[in-house]
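Student: Chains as they are written, first to last, in the UniProt record's numbering: chain A, 1 to 349; chain B, 1 to 349.
Every residue gets a Cβ at the ideal spot worked out from N, C-alpha and C, and that includes glycine.
My structure is below; once you've seen it, I'll send some questions.
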DNA sequence: AGGCAAAACTTAATCGATTAAGCTAATTAT
DNA sequence: ATAATTAGCTTAATCGATTAAGTTTTGCCT
């Protein structure tokens, strides 16, 4: 019987015998009409079930949706369970929310099962940790702002840290103890997938290509500085930063005979380092006596536990804040480099 | 000079000397035009920098945006760092993505700094863990679907677990060891804020009001069944499920003289239980010998560590999946009750 | 070759708002 | 008292698509 079409501004205008412009002004520009009328309109709107101007129509007309999209590197499922990505997102969300914007989450290219489509509803885009050759920008509407985080796009404002310097810093700290058998566990540094020990056949990605690669450079610099032959330092690669994928590789490392087993593991992420720690504890390997472990990121999980993880903290939340502020035009679009901080925990004091 | 207005479908139509309908069809209904023409259109579109139909206009015209909004209970900042909420979101995201939808994140009412506004762009809403008297629905467009998760709205499809039964189950397990001094740590069960020991002055929320309250009921049932006087069981309340807020309260509990200190702590969440575990480890309190600990949720962090947390797992990811499938109409809108599972870890074997 | 159906396009109305420009009536200035 | 300004409201164009209905072209059948 009654018609279930949603009530529009026009319907409301007709019922109240005023123009649509006036209704619109009642919601958007209070100074354009008498307070009495505005009051009446808002009251009647509520009574008749009109919940304010339709966002779709409004965004079409004004050209702005108050939505900012974050394009993640991985699938949403992965990203939401990754502490670093989550912290980053929470920084973004905090700033967006403070300025009346909302957050749209997009999976990385190659992870979306459908073409973007609805994504270009956003007023601006924050691309997070994409691959260097990433084509994210290619199908983004040209007019809208894009901020790149943790990777570079030519001529695009970016937010990042100096990964090489940071990893150099922690490796330098760890090497002060002159480990007998240092080893490195890295994330996705080989051209083709490799879950395990990296051999010469596995070609490494180019030096500056990804964050992982940059961090490996830092480790290497510190090792070279200590006159360690980096070719003698076992390098392990892991394809995904999750406990499930890390575990078997790390088990393989730890299950070597004690005299071959590393006594220092420089890990490219806290997730890896924490997995090492868990597996070491399960095996009764003493940390740091038998094995020193360092991480990278400074996620909460590594600090709110005993023993605390020795790591280098990057301000992921801050990254998110800065990126969001840039997108909203609160700070100038620029190349922002954030600081990192050594966290001396118990796993490599 | 050149005009920076974004290129529209109409512009493209003019350049190619075809009608706008044809362009639109080239993007949306391939069967409506000859393959040759379609090919030409897509190619020229790419060449001229037309990235496909504008999402704002399209969503206005079609009435659908392919965006689903999740209304969280807390601020986005909190939710994104909470493992349970993140797992839930990742379940939602997984299903949405598989069906070409995207995810818009909205902070809970009272956490947004601005009125919703752009939120009603979504095709459907999933409200997560709201307070029982929550007014979320009130300013939601009436026509759109709403699914409630972990709380109830009259006449609204819901997804939840039987919190009381689940907490009864784990408490029952823990009580088999006939603890001398059991105690309970709960989350937000008092009328007004209370961070610490709950005394008679602190009125409790009504029985069925929140999840926390439901879980407390389960603990109590199990205690009563063991003929324990529940008024003698210390009850502690915590206002926020974070390490920072939990710590001082838990320190207070653990720093009591050993003969007064609880030998069993039934915790309402894994976050609380893990904080207990960390602080106990720091103090050299042996778990489970001196202190047994149980959690609730089954988050990854509690299982991927040594000792593993004894807890009851709820399938948060599954909750998200089911909620998303309902919203998308893949499964009927209904009241869904998911199963829980006892995880026998090392903290209360 | 004529008739008819299907294929390939076009026309034009529409989605639900915003906003510049215009119009009256009321107020202020001279 | 009259002109000038302002307040308060309306008119109508516009944002950029989609899609039902209509038109022309092509292909097929007898």
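For a contact meaning CB atoms closer than 9 Å, what does residue 281(B) contact in chain A?
Tutor: Residues of chain A passing the Cβ test: 305, 306 and 307.
Student: For chain B, check one thing: does any of its Cβ atoms lie closer than 8 Å to the Cβ of residue 56(A)?
Tutor: It does: the Cβ of residue 56(A) has a partner Cβ on chain B nearer than 8 Å.
Student: Are the C-beta of residue 327(B) and some C-beta of chain A separated by less than 8 Å?
Tutor: Not one chain A Cβ lies under 8 Å of residue 327(B).
Student: Taking the continuous alpha helix (DSSP H) assigned at residue 249(B), which residues delimit it?
Tutor: It spans 243-254 - the alpha helix (DSSP H) in which residue 249(B) sits, taken as one unbroken run.
Student: Do residue 319(B) and residue 129(B) have their CB atoms nearer than 8 Å?
Tutor: The answer is no: Cβ separation not under 8 Å.
Student: State yes or no: is the C-beta of residue 146(A) within less than 8 Å of the C-beta of residue 127(A)?
Tutor: A contact, by the Cβ cut-off of 8 Å.
Student: Taking just the CA atoms, how far does residue 174(A) sit from residue 53(B)?
Tutor: Roughly 54 Å between the two C-alpha positions.
Student: Just the chain A side, please: which residues come within less than 8 Å of residue 289(B) by C-beta, in chain order?
Tutor: Chain A residues near residue 289(B): none, gap ~17 Å exceeds 8 Å.
Student: Tell me, which residues are paired with residue 267(A) by DSSP?
Tutor: In the DSSP output, where bridge partners are listed per residue, residue 267(A) has 185(A).
Student: First and last residue of the beta strand (DSSP E) that includes residue 237(A)?
Tutor: Its beta strand (DSSP E) spans residues 235-238.
Student: Are the CB atoms of residue 205(A) and residue 191(A) within a distance shorter than 8 Å?
Tutor: Result yes, Cβ atoms of residue 191(A) and residue 205(A) sit closer than 8 Å.
Student: Give the secondary structure of residue 299(B) by DSSP, where H, G and I count as helix, E and B as strand, and everything else as coil.
Tutor: Here residue 299(B) sits in coil by DSSP.
Student: Under 7 Å: does the beta carbon of residue 97(A) sit that close to some heavy atom of the ligand SAH?
Tutor: By its list of ligands, the structure shown contains no ligand whatsoever, and the ligand SAH lies outside what it can speak to.
Student: For residue 270(A) versus residue 293(A), is the C-beta spacing smaller than 8 Å?
Tutor: Contact: no.
Student: DSSP on residue 66(A), reduced to helix/strand/coil?
Tutor: Three-state result, residue 66(A): coil.
Student: Going by C-alpha distance, which of 252(A), 39(A) and 72(A) is nearest residue 135(A)?
Tutor: Selected option, being the one with the closest Cα: 72(A).
Student: Helix, strand or coil for residue 163(B) per DSSP?
Tutor: DSSP places residue 163(B) in helix when its eight states are reduced to three.
Student: Does the Cβ-Cβ distance between residue 245(B) and residue 253(B) come in under 8 Å?
Tutor: Not closer than 8 Å, so no.
Student: Ignore the nearest five residues each way along the sequence and tell me which others in residue 160(A)'s own chain have a CB closer than 6 Å to its CB.
Tutor: 150, listed in sequence order.
Student: Residue 89(A): buried (16+ other C-beta within 10 angstroms of its C-beta) or exposed?
Tutor: Looking at its Cβ environment, which holds 16 or more other Cβ atoms inside 10 Å, residue 89(A) is buried.
Student: With distances taken Cα to Cα, identify the nearest neighbour of residue 76(A) among 45(A), 60(A) and 108(A).
Tutor: Of 45(A), 60(A) and 108(A), the residue nearest in Cα terms is 108(A).
Student: I'd like to know if the segment 95-107 of chain B and the segment 176-191 of chain B are in contact, where contact means that at least 3 CB-CB pairs between them fall below 8 Å.
Tutor: Not touching, per the Cβ criterion.
Student: Could you pull the start and end residues of the alpha helix (DSSP H) that residue 211(B) belongs to?
Tutor: Element bounds for residue 211(B): 211-225.
Student: Are the beta-carbon atoms belonging to residue 306(A) and residue 278(B) less than 8 Å from one another?
Tutor: Against a cut-off of 8 Å, the Cβ pair of residue 278(B) and residue 306(A) comes out as a contact.
Student: Identify whether residue 124(A) lies in helix, strand or coil by the three-state DSSP scheme.
Tutor: Strand.
Student: Who pairs with residue 110(B) in a beta bridge, going by DSSP?
Tutor: BP columns for residue 110(B) are empty, so no partner.
Student: Using 8 Å as the Cβ pair cut-off and three pairs as the minimum, do the segment 47-67 of chain A and the segment 55-63 of chain B touch?
Tutor: Cβ pair count under 8 Å is three or more, so yes.
Student: Going by beta carbon distance, what residues of the same chain come within less than 6 Å of residue 288(A), once the five residues before and after it are set aside?
Tutor: Here the set comprises 347 and 348.
Student: Going by DSSP, what residue range makes up the beta strand (DSSP E) through residue 149(B)?
Tutor: Element bounds for residue 149(B): 145-149.
Student: If you run the structure through DSSP and keep just helix, strand and coil, what is residue 1(B)?
Tutor: Because the pLDDT of residue 1(B) is 36, which lies under 50, any placement of that residue in the model is unreliable, and the number read from its coordinates should be weighed accordingly. Looking at residue 1(B) - three-state DSSP - the assignment turns out to be coil, as it is neither helix nor strand.
Student: Could you check which residue in 328(B), 296(B), 327(B) and 331(B) has the C-alpha nearest to that of residue 83(B)?
Tutor: Ranking 328(B), 296(B), 327(B) and 331(B) by Cα distance to residue 83(B) puts 296(B) first.
Student: Name the chain B residues that come within less than 7 Å of residue 219(A), Cβ to Cβ?
Tutor: Those do not exist, as residue 219(A) stays about 25 Å from chain B at its closest Cβ, beyond 7 Å.
Student: Taking only beta-carbon atoms, is residue 66(A) less than 8 Å away from chain B?
Tutor: By this cut-off, residue 66(A) is an interface position.
Student: I'd like to know if residue 107(B) contacts chain A, where contact means its C-beta is closer than 8 Å to some C-beta of that chain.
Tutor: Interface residue, yes.
Student: For residue 124(A), decide whether its Cβ has a neighbour in chain B, counting only Cβ atoms nearer than 8 Å.
Tutor: Output row for residue 124(A): interface = no.
Student: I'd like to know whether the C-beta of residue 310(A) is nearer than 8 Å to at least one C-beta of chain B.
Tutor: Not closer than 8 Å to any Cβ of chain B, the Cβ of residue 310(A) fails to qualify, so no.
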